[in-house]
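> Can you keep this structure in mind? I'll have questions shortly.
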Ligand code: FAD
Ligand code: UDP
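Numbering (my numbering), first residue to last: 10 to 388.
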């Protein structure tokens, strides 16, 4: 554990997820003294993983699959972990069948009992699509590409459950995360790099934070220590509205309840995740052994039940929320003593790699370096 210099720590970092841990590692390697605090009892933020009672590696905050198009991000994280190649596959439970999602050639052929080729599928989509002048909402994205029936079966119910909003009330960017394909590619992601940390995320975070210049303090809300710990600059990765005591009102964040189960059989379902767009209170079930590659006689799964209240997991992308966020962002910009970074602090629906890229860019700004040309690809 590092000792603060007589002037205290150079940086107090709030939150030990990807945003906080990347910045701690980068700044410590430049000789800065870092105190990183998290109110949870562990590092890793929402990407934290651990072994459950059965000895199966699980993700307590829901399945985390690493994928990126950014070589910079992948190479940076490769300093702290080896990888296991893994391509995520998802099936959607629709009308009694388990069908590939993203919607592809097999999805349509099996759903409608057809035998279309890729070329014919393009024509099929064109015949059912409902053109819209401007794609603005999450409904527009889907109906303008695949029509209303596929939209109703795969997207409408899932989105209403997940967000508590109709897709017509959400930005296009939300359902645009899921592409439509005319070939038989059934991978959930198409990124260049798709792999899981060989020994898990937590081990990777331990390696990032095991630097003599970094002190880690867990089970600690920064508000309880901030007056007693001398430091030069704060990096804050928690919810931005909480930082400013909700002075403009609460920013909507969507929450989830995770229900974990272990089953006394080797496999629960055929792929890592099965989505349940219709029926049931949960949106999806994920089985960890598919994702981690672990071999075990039993298997552990997690159900995700969307909730309005609870830990903030998802910023909710829609214009009025963005307008409220901009008011908080203006307060944040005026604080030269604090830097805001990460999914909750910048109110962005970011994947892990995008948070790493944002944190690396923030590091370059803080250390006065020039930006690199490459940024992590969205999605
Ligand atoms: P977080 O991981 O949320 O870290 C912020 C930390 O700050 C938390 O640990 C919190 O305890 C701490 N904190 C907040 N307030 C305080 C305070 N007052 N005092 C002290 N500590 C505080 N991304 C992918 O790339 N692939 C996936 O498959 C994927 N799946 C996901 C599934 C789910 C269910 C969810 C919710 C997210 C998923 N993500 C996925 C997104 C991923 O979790 C985030 O991009 C990433 O974890 C964000 O990192 P962060 O450091 O910004 O925030
Ligand atoms: N979505 C859907 N049906 C699906 C999969 C996704 O309607 O079978 C929509 C839903 O609104 C979801 C969004 O697309 O929130 C993004 O999906 P993704 O799997 O990227 O969500 P995440 O993993 O971030 O929860």
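All C-beta atoms in this analysis are idealised placements derived from N, C-alpha and C, irrespective of residue type, glycine included.
#1: Check whether the Cβ of residue 297 sits closer than 8 Å to any heavy atom of the ligand UDP, and report yes or no.
#2: For residue 327, report the span of its alpha helix (DSSP H) as first-last.
#3: For residue 210 and residue 298, what's the separation of their Cα atoms in angstroms?
#4: Please classify residue 31: does DSSP put it in a helix, a strand, or coil?
#5: Quick check: is any heavy atom of the ligand UDP less than 8 Å from the C-beta of residue 101?
#6: So, at 7 Å on beta carbons, what are the nonlocal neighbours of residue 189 in its own chain, with the 5 sequence-adjacent residues on each side left out?
#7: Can you find the residues in the same chain that come closer than 8 Å, C-beta to C-beta, to residue 260, ignoring five residues on each side of it along the sequence?
#8: Do you know offhand how far residue 197's Cα is from residue 135's?
#9: Look at the Cβ atom of residue 275, then the Cβ atom of residue 306, and state whether they are nearer than 9 Å.
#10: Would you check if the segment 170-181 and the segment 87-99 touch, i.e. whether three or more CB-CB distances between them fall below 8 Å?
#11: Confirm, please, whether the CB-CB distance from residue 220 to residue 37 is below 9 Å.
#12: On the DSSP bridge assignment, give the partners of residue 262 in chain order.
#13: Measuring straight from C-alpha to C-alpha, what distance separates residue 216 and residue 114?
#14: By Cβ distance, which residues of its chain are closer than 6 Å to residue 45, with the 5 residues on each side in sequence left out?
#15: If residue 192 and residue 127 are in contact, beta carbons under 8 Å, what's the gap, nearest whole angstrom?
#16: Could you round the C-beta distance between residue 320 and residue 264 to whole angstroms and report it? I think they count as a contact, below 8 Å.
#17: To which residues of the same chain is residue 376 closer than 7 Å at the C-beta, ignoring the five residues directly before and after it?
#18: Taking only runs that begin and end inside the segment 110-196, name each unbroken alpha helix (DSSP H) of 4 or more residues, in chain order.
The short version:
#1: no
#2: Counting along the chain, residue 327 falls outside any alpha helix (DSSP H), and DSSP gives it neither H nor E.
#3: 15 Å
#4: helix
#5: yes
#6: 111, 112, 154 and 155
#7: 248, 249, 250, 324, 330, 333, 334, 337 and 356
#8: 23 Å
#9: yes
#10: no
#11: yes
#12: 324
#13: 43 Å
#14: 22, 25, 29, 33 and 225
#15: 6 Å
#16: 6 Å
#17: 39
#18: 114-121, 127-137, 147-159, 166-172 and 181-184
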